[in-house]
Structures are given as structure tokens and as C-alpha cells.
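Chemist: Chains A and B, in that order, are what the protein sequence lines are. Position one of the first sequence corresponds to residue 1 (our numbering), numbered consecutively onward. Position one of the second sequence corresponds to residue 1001 (our numbering), numbered consecutively onward. No residue lacks a Cβ here, since even glycine has one placed at the ideal position from N, Cα and C. Below: one structure in C-alpha cells.
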Amino acid sequence: AQSVTQLDSQVPVFEEAPVELRCNYSSSVSVYLFWYVQYPNQGLQLLLKYLSGSTLVKGINGFEAEFNKSQTSFHLRKPSVHISDTAEYFCAVIASGGYNKLIFGAGTRLAVHP
Amino acid sequence: DGGITQSPKYLFRKEGQNVTLSCEQNLNHDAMYWYRQDPGQGLRLIYYSQIVNDFQKGDIAEGYSVSREKKESFPLTVTSAQKNPTAFYLCASSITRDSTDTQYFGPGTRLTVL
């Protein structure tokens, strides 16, 4: 079975500052990794995903994430945040080769202040 | 525009009543999913369907039922047997059930039991 831990439930940050949202996973098999963003009262939108290849994955809105197999982590980063990045961010995993069942973390609420 | 629609956006139910949440997609995707989201928690899978006339229970199927009579439609019924139905419900779809296929989410339905 897989599990996902998002280490921070809330992350406050000032506009134009860098941010890192942390995600660790547990799995006995290889996994695919995802980051989704949710704006208030809306559905989820895919930011980026790691399936294979380069461990540094670039996504939409200037976000990137790095897959670290030895540390079982997939942290999300942005070098300079905007007010519009205020949202909830979810890390998720799927067991590779299995069916398409996403296992989500509890989410991290990013609050960007002026 | 292709996408996933969910209706209604807000739904109120009296205890003891069954309610049905609508999910429609025009993406020509084979696989569809229902998730439940509670505050401070990640999404949990209720039911999924890989193809028309087929569906499988997810992690929290008790008190819910689904049907998949058409490729584009996957309605969810919340029955009176669901002990704590107040939550945000999200529908998703993917091209196939393959674990590499991205899941795309609808805007959600917020159900409140009065």
C-alpha cells in the first residue's frame, strides 16, 4: 500500500519570496508522483507529474518538483510566489503498473501575503 | 470546450433522504472516478469505473452507489445509509485506467445535510 505525508498543513509566505512545499511518500513498489492545486471551492488542477526520466520536473505557473528516490520525497518549489498562488496544494502517488488509483496527502495551504 | 461538469454546485439534504450528484464529461474518457474531500484531509476514492457498465468500490464506498450506463455520465447517489455525508464531492476522469494517465477533475459539488 502507498501513503503520502505532506509535512506542513499551512505555509505562510510573502509575495516574491521563494517557497517549498514538502511531500514524502511510502511505497513497497515503484510509484508515479503528482502535484495538484485547488483554488477555493473549485476542483483540482494538475501542476506537474513524475513518471520517469529526469528527476526535476517542471510544471505550470512556474512550479517545479524534484523526485528523490533515496529520501522518498517529491518537494514542490517556486522561486518567487504571487498573491494568485494562494491555494491548497495536494501531493499524490499511484503505484506504477497498477490501476489509476490516486493516494492523496492531506494538503498544504499556501497563503501568500503582500 | 471539453471538460467535466458537476451539478449542482451546492446541495442541501435532509437526514434520511437519498440524493444524486451529476457528473458529465465530454472528453471521451473511458475511466471515471468519485472522490470525497473533508476539511484538512486529502481526497478519498469512493467509486471508480473503467468502462461503461462496469464500476468498482474504492476505499469508502459504504453508503454510496453509482451507475455507468453511458460513457459520458457517472452519477453518484448518496444514500441515507451514509452516516456523515456532509462533504465536498469531486468527479474525475482519465483517458484509460492506466496509472500513467492524468486524472482531470470537475468543479465539485458541496453537499450539506441539514
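If Gly1045 (chain B) sits next to Lys101 (chain A), beta carbons under 8 angstroms apart, how far is it from one beta carbon to the other, in whole angstroms?
Modeler: As a position in the second sequence, residue 1045 (chain B) is number 45, starting the count at 1. As a position in the first sequence, residue 101 (chain A) is number 101, starting the count at 1. Per the sequence presented here, residue 1045 (chain B) reads as Leu, with Gly not at that position. Right, their Cβ atoms sit about 6 angstroms apart.
Chemist: Sorted by chain position, which residues of the same chain lie with C-beta nearer than 7 angstroms to Gln1050 (chain B)'s C-beta, five sequence neighbours on each side aside?
Modeler: As a first step, residue 1050 (chain B) must be located in the second sequence, where it is residue number 50. Closer than 7 angstroms at the Cβ level, and outside the excluded window around Gln1050 (chain B), lie Asp1030, Ala1031, Arg1097.
Chemist: Quick check: Leu46 (chain A) and Tyr36 (chain A), are their CB atoms within less than 8 angstroms of each other?
Modeler: Taking the first residue of the first sequence as position 1, residue 46 (chain A) is located at position 46. Taking the first residue of the first sequence as position 1, residue 36 (chain A) is located at position 36. Yes, the Cβ-Cβ distance between Leu46 (chain A) and Tyr36 (chain A) is below 8 angstroms.
Chemist: Using a Cβ-Cβ cut-off of 8 angstroms, state whether Phe104 (chain A) counts as contacting chain B.
Modeler: In the first sequence, the residue the question calls residue 104 (chain A) occupies position 104. Output row for Phe104 (chain A): interface = yes.
Chemist: Counting contacts by CB-CB distance shorter than 8 angstroms, is Phe1012 (chain B) in contact with chain A?
Modeler: What you label residue 1012 (chain B) is simply residue 12 of the second sequence in a count that begins at 1. Chain A contact via Cβ: absent.
Chemist: Which value, in whole angstroms, describes the spacing of the CA atoms of Thr115 (chain A) and Gln2 (chain A)?
Modeler: Residue 115 (chain A) falls outside the range modelled here, since chain A spans only 1 to 114, and no answer is possible.
Chemist: What did DSSP end up calling Ile1095 (chain B) once you bin it into helix, strand or coil?
Modeler: Within the second sequence, numbered from 1, the residue matching residue 1095 (chain B) stands at position 95. Coil.
Chemist: Note down, in chain order, each residue of its chain lying with its Cβ closer than 8 angstroms to the Cβ of Pro1075 (chain B), except the 5 sequence neighbours on either side.
Modeler: Mapped onto the second sequence, residue 1075 (chain B) falls at position 75. The answer, listed in chain order, is Thr1020, Leu1021, Ser1022, Cys1023, Val1066, Ser1067.
Chemist: Rounded to the nearest angstrom, what separates Gln1037 (chain B) and Gly43 (chain A) at their Cα positions?
Modeler: Here residue 1037 (chain B) refers to the residue found at position 37 when the second sequence is read from its first residue. Here residue 43 (chain A) refers to the residue found at position 43 when the first sequence is read from its first residue. Taking the straight line joining both Cα atoms gives about 10 angstroms.
Chemist: Against chain B, which members of the segment 40-51 of chain A pass a CB distance test of less than 9 angstroms?
Modeler: The residues in question are Asn41, Gln42, Gly43, Leu44, Gln45, Leu46, Lys49, Leu51.
Chemist: Is the distance from the Cβ of Tyr1064 (chain B) to the Cβ of Gln1082 (chain B) below 8 angstroms?
Modeler: As a first step, residue 1064 (chain B) must be located in the second sequence, where it is residue number 64. As a first step, residue 1082 (chain B) must be located in the second sequence, where it is residue number 82. Going by C-beta atoms, Tyr1064 (chain B) is nearer than 8 angstroms to Gln1082 (chain B).
Chemist: Against Ser96 (chain A), what residues of chain B qualify as contacts under a CB-to-CB distance less than 9 angstroms, listed in chain order?
Modeler: Here residue 96 (chain A) refers to the residue found at position 96 of the first sequence. Those within 9 angstroms of Ser96 (chain A) in chain B are Ser1099, Thr1100.
Chemist: Is it the case that the segment 73-91 of chain A contacts the segment 50-65 of chain A, given that we only count it when at least three CB pairs across the two stretches are under 8 angstroms?
Modeler: Output reads yes: the segment 73-91 of chain A touches the segment 50-65 of chain A.
Chemist: Would Lys101 (chain A) pass as an interface residue toward chain B - the criterion being a Cβ-Cβ separation below 8 angstroms?
Modeler: One-based indexing of the first sequence puts residue 101 (chain A) at position 101. True, the Cβ-Cβ gap to chain B drops below 8 angstroms.
Chemist: In whole angstroms, give me the CA-to-CA distance for Ala1092 (chain B) and Ala65 (chain A).
Modeler: Counting from 1 along the second sequence, the entry for residue 1092 (chain B) is found at position 92. Counting from 1 along the first sequence, the entry for residue 65 (chain A) is found at position 65. Each residue's Cα considered, the two are about 23 angstroms apart.
Chemist: Is there a Cβ of chain A sitting closer than 8 angstroms to that of Pro1008 (chain B), yes or no?
Modeler: Counting from 1 along the second sequence, the entry for residue 1008 (chain B) is found at position 8. By this cut-off, Pro1008 (chain B) is not an interface position.
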